[in-house]
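Student:
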Amino acid sequence: MKVLCVCGMGFGSSLLLKMTADKVLKNKGVKADVEAVDFGTAQSVQADMILTNNEFASQLQGGKAFVKAIMNMASEQEVESAIDEFLSQK
Numbered sequence: 070m071k072v073l074c075v076c077g078m079g080f081g082s083s084l085l086l087k088m089t090a091d092k093v094l095k096n097k098g099v100k101a102d103v104e105a106v107d108f109g110t111a112q113s114v115q116a117d118m119i120l121t122n123n124e125f126a127s128q129l130q131g132g133k134a135f136v137k138a139i140m141n142m143a144s145e146q147e148v149e150s151a152i153d154e155f156l157s158q159k
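Read the sequence shown against my numbering and you will find it ends at 159, with the numbers running on by one and no gaps.
1. Could you check the C-alpha separation between alanine 134 and aspartate 117 for me, to the nearest Å?
2. According to DSSP, what are the bridge partners of methionine 88?
3. Please confirm whether threonine 89 and valine 148 have their CB atoms less than 8 Å apart.
4. Using only the alpha-carbon positions, how far apart do methionine 78 and alanine 151 sit?
5. Ignore the nearest five residues each way along the sequence and tell me which others in glutamate 248's own chain have a CB closer than 7 Å to its CB.
6. What first and last residue would you give for the beta strand (DSSP E) that runs through isoleucine 119?
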């Protein structure tokens, strides 16, 4: 499973979100390749799931990837909920 954590520059909130997603996925026993990337890169990289903020989520929807807006990048509960939603659709 390929997960992109997206922010404007690719090294601020996306890095925090990546760390949170890595922790949640590890706790769930789910193997995934998680990357922190900028918005431009996210538009050109194939992924199964994209985690980002509200602004970018609306712009990234419509492709093949499951896109979920995360309000609190450090919230394990919120990220876990998004991952569970994705996994339930597979």
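Virtual Cβ for every residue (Gly too), placed ideally from N, Cα, C.
What you are looking at is a predicted structure, and each value in this text was computed from that prediction instead of being measured.
Tutor: For this structure:
1. Walking along the sequence shown from the start, residue 134 turns up at place 65. Walking along the sequence shown from the start, residue 117 turns up at place 48. Between alanine 134 and aspartate 117, the C-alpha separation is close to 5 Å.
2. Looking up residue 88 in the sequence shown gives position 19. Answer is none; methionine 88 lacks a bridge partner.
3. Sequence index remark: in the sequence shown, residue 89 carries index 20 (1-based). Sequence index remark: in the sequence shown, residue 148 carries index 79 (1-based). Going by C-beta atoms, threonine 89 is nearer than 8 Å to valine 148.
4. Working through the sequence shown from its first residue, we reach residue 78 at position 9. Working through the sequence shown from its first residue, we reach residue 151 at position 82. Each residue's Cα considered, the two are about 22 Å apart.
5. What the structure shows of the chain is the stretch from 70 to 159, and residue 248 is not part of that stretch, so it cannot be assessed.
6. Sequence index remark: in the sequence shown, residue 119 carries index 50 (1-based). Here the beta strand (DSSP E) through isoleucine 119 covers 118-121.
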